[in-house]
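Taken in order, these protein sequences are the chains called A and B. 1277 is the number of the first residue of the first sequence in my numbering; add one for each residue after it. 979 is the number of the first residue of the second sequence in my numbering; add one for each residue after it. The structure appears below as structure tokens.
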Amino acid sequence: MPRKWRTSAKTILPPLIPFVVLTLTGEWIVRAGIVPSYLLPTPTAVFRAIIDNRAELTRAMLKTSGSAFAGFALSTIIGIGIAVLLSSSRWVQRAFYPYAVFFQTVPIIAIAPLLVIWFGYGMRTVVASAFVVSIFPVIANTLNGILSTDPALRDLFRLYDASQLDTLIKLRFPAALPQILTGLRISSGLAVIGAIVGEFIGGDGIGSVIDVARTQQRVDKVFAAVLMASLLGLLLFGLINLVSTLTLRRWHASEQQP
Amino acid sequence: MNRRNFLASSFAAAPLCAILNACGKTPAGKLRLALDWKPEPEFGGFYAANYANHGLTVDILPGGSGTPTVQMIGAGSAEFGTVSADELVVARARGNDVVALFAVFQNCPQGIMVHPSPNMNSIGDVFRSGTVAIERGLPYARILEKKYGFDKVKIVPSPGGDISAFLHDPHFAQQCFVTSEPLAAMHAGVATKVFPISDSGYNPYTTVLATSGALLRDHPATARAMVEAVREGWQSYLASPTATNANMHGVNPSMDLATFAEVAEAQKPWIQTADTATNGLGTMTAARWDTLIAQLKDLGDISQPMNAAECFRLL
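Right, here's the structure in full:
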């Protein structure tokens, strides 16, 4: 086997096997009558639902992607900004970090009607929901990364009289990158969830498709829409992995192949 | 069961039963009654019923927005549940053998609530301007869309009982339970006008006690006892709701006792009609089911015609 094929088999096969096994099992337990189709649609029914509703799903996907990306981008920028501020002094951290935790515990469904009043129906509410749900992991991981810079290196910077800003840009921030990226990976999935929950109350997108399909007892269409949402999550996740590879491969163990 | 199915189920049934709870269909022990909303006066009779008098032990499971009671009955995670008639017809068309036993609301208590204005005189006026919060997937939403068109209004998701957007915006209309949200708005100092959905000609039975075809076949006596207990429960609740209201208020403290009393009074004409005066509370007719089936077929929610007789059973 040519070498190129062997490497692609190595990367494609591991995720392909669980997919095939799960799909076949799903198809079988419904066809054998073990689980009725109104509780669990067969993979073929889900696939058919995707084909039959492709125009609607594509439109919904574009809307949800836009909102999830926007919410995630806001979380990234504002979250890293907040973490840098918090890291500036112990005092600031003690004073404000507890309030950052607030974001993690907001029951988004409870404040959803308020989001609608503040931001109106439509995309702004959806973006706000994605943002609120996804910012905390960015803050927590970035802060942790910045605070755990190697003390020896910090001493070295102090020895050379480096300014606070220089230390931040040249040492603390790059050293925190692996943790920041971990935070972003967690946030990316949350941003998609946040956007869909936002759409339940703000309208449009995959959230709206799920809501309507659920009311119509179209389990196949619900699963089709959920599958679209997972694809979106995977896309965001893949994007961060790409950034991670590009920025870390020269120096961090997590991105170096053994 | 043919041989292939038997083999298949013996392999997979054990873990699946744990998940779906589908095997415990012997109604000897506790019966579960799944509600599709919080304990409120629309379920008063179910809470007032004395199940023990009929030899039954019943656990009432309160629900919330989107509780899939139809699927729960089909999956066997509840022996009984409250559903709406249209939901039941669609479920049957999808192979979920669920049967209606007792219809609490003879006329559909869903409506559209608007801010009163001289231009709002019929349900069609709702769709001339402003924002309308409505669950698009519901059959009645699509019937209204067909009839009046939604292109002049902004359609937004239903806030599920929350009225803050309505209070905030004078051009906001929302779907409601005619005995619920309008009262809440009144208490908040905002006047409302309500157009019942039935004005549009769509009038499914609502808050319908239903069970699975299997239970009805294997344990008809249990089903009959349940219906009798529920009918007596409703008779007693309609006559004097106070004690039951206090009881439900304990489970759902977010509704105060005064509102409980008000709603219990307001819903009476939706539950007691000319039909129930002659045939008893909870009664249903094949003609009404036929109309509903025809409407749902027209909408494309079901593809095959259905026999009304298989949808409900009067015990």
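No residue lacks a Cβ here, since even glycine has one placed at the ideal position from N, Cα and C. In this text the structure is predicted, and so the values were computed from the model without any measurement.
One question on the structure: do Gly-1022/B and Tyr-1215/B come within less than 8 Å of each other, judged by their Cβ atoms?
On the second sequence, residue 1022/B is found 44 positions in, with the first residue counted as 1. On the second sequence, residue 1215/B is found 237 positions in, with the first residue counted as 1. Cβ distance < 8 Å, so Gly-1022/B and Tyr-1215/B count as in contact.
By how many angstroms is the C-alpha of Ala-1386/A removed from the C-alpha of Ile-1165/B?
Position 187 of the second sequence, counted from the first residue, corresponds to residue 1165/B. Position 110 of the first sequence, counted from the first residue, corresponds to residue 1386/A. Reading off the sequence shown, one finds His at residue 1165/B, where the question assumed Ile. Distance between the alpha carbons of His-1165/B and Ala-1386/A is about 21 Å.
Would you mind listing the alpha helix (DSSP H) stretches within the segment 1088 to 1128 of chain B that are 4+ residues and don't spill past its ends, in chain order?
1117 to 1126
List the residues of chain A that Ile-1068/B touches, going by C-beta distances under 8 Å, in chain order.
On the second sequence, residue 1068/B is found 90 positions in, with the first residue counted as 1. This sequence places Val at residue 1068/B; Ile is not what is there. In chain order: Gln-1492 and Gln-1493.
Tell me the residue span of the alpha helix (DSSP H) that contains Ala-1501/A.
What you label residue 1501/A is simply residue 225 of the first sequence in a count that begins at 1. Start and end: 1495 to 1524.
Contact residues within the segment 1116 to 1143 of chain B, judged by C-beta distance below 8 Å to chain A
Leu-1116, Lys-1132, Ile-1133, Val-1134, Pro-1135, Pro-1137, Asp-1140, Ser-1142 and Ala-1143
Do Leu-1235/B and Ala-1242/B have their CB atoms nearer than 8 Å?
Within the second sequence, residue 1235/B is the residue found at index 257, counting from 1. Within the second sequence, residue 1242/B is the residue found at index 264, counting from 1. Not in contact: Leu-1235/B and Ala-1242/B (Cβ atoms no closer than 8 Å).
Name the chain A residues that come within less than 7 Å of His-1149/B, Cβ to Cβ?
Position 171 of the second sequence, counted from the first residue, corresponds to residue 1149/B. Ordered by position in chain A, no residue passes the 7 Å Cβ test against His-1149/B, which lies about 12 Å from the chain.
Candidates Ser-1343/A, Arg-1324/A, Leu-1518/A and Tyr-1436/A: which alpha carbon is nearest Gly-1230/A's?
There is simply no residue 1230/A to check, as chain A begins at 1277 and stops at 1534 in what is shown.
Using a cut-off of 7 Å between C-beta atoms, extract the partners of Leu-1391/A located in chain B.
Against the first sequence, residue 1391/A aligns to sequence position 115. Within 7 Å Cβ-Cβ: nothing; Leu-1391/A doesn't reach chain B, min ~11 Å.
Looking at chain B, which residues of the segment 1301 to 1319 of chain A have a Cβ within less than 8 Å of any of its Cβ atoms?
Trp-1304, Ile-1305, Ala-1308, Gly-1309, Ile-1310, Val-1311, Pro-1312, Ser-1313, Tyr-1314 and Leu-1315
Given a limit of 9 Å on CB to CB distance, which residues of the segment 1230 to 1245 of chain B reach chain A?
none
Please report the Cβ distance between Met-1050/B and Gly-1059/B, rounded to the nearest whole angstrom; I am assuming they are in contact, meaning their Cβ atoms lie under 8 Å.
Along the second sequence, read from residue 1 onward, the residue named residue 1050/B stands at position 72. Along the second sequence, read from residue 1 onward, the residue named residue 1059/B stands at position 81. Contact holds; Cβ gap of about 6 Å.
Could you have a look at Lys-1246/B and say whether DSSP puts it in helix, strand or coil?
Taking the first residue of the second sequence as position 1, residue 1246/B is located at position 268. It is helical.
Evaluate contact between the segment 1492 to 1508 of chain A and the segment 1426 to 1436 of chain A, counting only Cβ atoms and requiring at least three cross-stretch pairs below 8 Å.
no
Exposure label - Ile-1353/A; buried when at least 16 CB within 10 Å
On the first sequence, residue 1353/A is found 77 positions in, with the first residue counted as 1. With fewer than 16 other Cβ atoms within 10 Å, it is exposed.
Bounding residues of the alpha helix (DSSP H) (the contiguous stretch that carries Leu-1066/B):
Along the second sequence, read from residue 1 onward, the residue named residue 1066/B stands at position 88. That run of the alpha helix (DSSP H) goes 1063 to 1071.
Near-chain A residues of the segment 1022 to 1054 of chain B (beta-carbon distance less than 9 Å), N- to C-terminal order
Gly-1044, Pro-1046, Val-1048, Gln-1049, Gly-1052 and Ala-1053
Proximal residues to Thr-1189/B (C-beta, below 7 Å), its chain only, five neighbours per side dropped
Mapped onto the second sequence, residue 1189/B falls at position 211. Excluding residues within five positions, the ones whose Cβ falls inside 7 Å are Ile-1051, Glu-1057, Phe-1058, Val-1077, Leu-1079 and Ala-1201.
So, are the CB atoms of Phe-1150/B and Ser-1100/B less than 8 Å apart?
Sequence index remark: in the second sequence, residue 1150/B carries index 172 (1-based). Sequence index remark: in the second sequence, residue 1100/B carries index 122 (1-based). Contact: no.
Which residue comes first and which comes last in the beta strand (DSSP E) that contains Asp-1037/B?
Here the question's residue 1037/B lines up with position 59 in the second sequence. Its beta strand (DSSP E) spans residues 1036 to 1039.
Per-residue DSSP class, three states only, for Leu-1419/A
Numbered from its first residue, the first sequence carries residue 1419/A at position 143. Here Leu-1419/A sits in helix by DSSP.
Identified DSSP bridge partners for Phe-1155/B
By 1-based counting over the second sequence, the position of residue 1155/B is 177. Partner(s): Gln-1088/B.
Between Ile-1472/A and Gly-1481/A, what straight-line distance do the alpha-carbon atoms span, to the nearest angstrom?
Reading the first sequence from its first residue, position 196 is the one you call residue 1472/A. Reading the first sequence from its first residue, position 205 is the one you call residue 1481/A. Distance between the alpha carbons of Ile-1472/A and Gly-1481/A: 8 Å.
Please determine, among Glu-1018/B, Met-1284/B and Asp-1103/B, the residue with the shortest C-alpha to C-alpha distance to Met-1226/B.
Mapped onto the second sequence, residue 1226/B falls at position 248. When each option's Cα is compared against that of Met-1226/B, the closest is Glu-1018/B.
For chain A, check one thing: does any of its Cβ atoms lie closer than 8 Å to the Cβ of Asp-1279/B?
Translated into positions along the second sequence, residue 1279/B becomes position 301. Yes, because at least one Cβ of chain A sits closer than 8 Å to the Cβ of Asp-1279/B.
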